[in-house]
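This report concerns only the one structure given below.
Protein chains: 2
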Amino acid sequence: MKTYEHPEIESIPLEKAMHALSDSSRMVIMRALLAHGELACNELPVEIAKATLSHHMGVLREAGLIVTRVEGTKCLNAVRKEAFDLQFPGLLELIRTCV
Amino acid sequence: MKTYEHPEIESIPLEKAMHALSDSSRMVIMRALLAHGELACNELPVEIAKATLSHHMGVLREAGLIVTRVEGTKCLNAVRKEAFDLQFPGLLELIRTCV
DNA sequence: CCCCTTGTTCGAAAATTTACGAACTTTAAT
DNA sequence: ATTAAAGTTCGTAAATTTTCGAACAAGGGG
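Taken in order, these protein sequences are the chains called A and B. Under our numbering, think of the first position of the first sequence as 72, with each following residue one higher. Under our numbering, think of the first position of the second sequence as 72, with each following residue one higher.
Structure follows, in structure tokens:
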């Protein structure tokens, strides 16, 4: 289908990660991925247009938060737990547990 | 001079805090405050117009990140360490140490 | 081969954010 | 009383973000 670019997490400044997490849809997506491990876009608990969702997934991907792999017609997304937690310790835990 | 409103930190959703921290000027300000304890607006290491700075301080204040008190003609700003750290454990430490 | 599902890309509109000058308020200092 | 310093507020311009429909590509199933 497509090849996705995944940045080196070391190249992500903290404010970029913060920006990616400053939107409620993206926060909901992150929490769903953290809870379920790996989900296709159409399994995410958000009610927005496909084009909008695609944009949000791009923002999360470019901020180093998620990794996307292709499987058939769907793309499966997961949180880049280890790497991200190494770069920004505690941030994922915060997303998981706060509010 | 003016009375500043400071929200209950419990009422701040994580994404609002993230939004406040998604701007480089505001990140610089937070780091300066964390390093120096309490600083007036004109002592902050940013080179932006006063009106713009005032806006950024308002964003940080409304996100529960800082507290502002008046002293003479200046307003002294400090990070709301204890309360904020209770609501979002580890976030301040992240700002302090990351990137 | 045709159709359906999944997701991307390309506009373009709407909303939000950022930025700054100018005018103003308050306090302090001369 | 005058002047200067520190910030705020208002209006507005510029930049970014968010949103969506429509058109598109690629894979899977009949």
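Note that the Cβ used here is the ideal one computed from N, Cα and C, for glycine as well.
For residue i, the three-state DSSP class (helix, strand or coil)
| i | result |
| --- | --- |
| Lys121 (chain B) | helix |
| Glu153 (chain A) | helix |
| Lys145 (chain A) | strand |
| Ile83 (chain A) | coil |
| Val170 (chain A) | coil |
| Ala134 (chain A) | coil |
| Leu115 (chain A) | coil |
Within 8 Å, strictly: CB atoms of residue i and residue j
| i | j | result |
| --- | --- | --- |
| Leu110 (chain A) | Leu147 (chain A) | yes |
| Ala134 (chain A) | Lys87 (chain A) | yes |
| Met89 (chain A) | Met89 (chain B) | yes |
Span separating the alpha-carbon of residue i from that of residue j
| i | j | result |
| --- | --- | --- |
| Glu142 (chain A) | Thr74 (chain B) | 57 Å |
| Leu162 (chain A) | Leu85 (chain B) | 11 Å |
| Leu174 (chain B) | Leu92 (chain B) | Within the shown structure, residues of chain B are numbered from 72 to 170, placing residue 174 (chain B) beyond reach of any answer. |
| Ile166 (chain B) | Ala120 (chain A) | 34 Å |
| Ala149 (chain A) | Val170 (chain A) | 21 Å |
| Glu164 (chain A) | Ile100 (chain A) | 15 Å |
| Cys112 (chain A) | Leu105 (chain B) | 39 Å |
| Leu115 (chain B) | Glu76 (chain B) | 21 Å |
| Pro78 (chain B) | Lys145 (chain A) | 43 Å |
| Asp94 (chain A) | Lys152 (chain A) | 20 Å |
Cβ neighbour criterion (16 or more within 10 Å) applied to residue i
| i | result |
| --- | --- |
| Met72 (chain A) | exposed |
| Ser96 (chain A) | buried |
| Thr139 (chain B) | buried |
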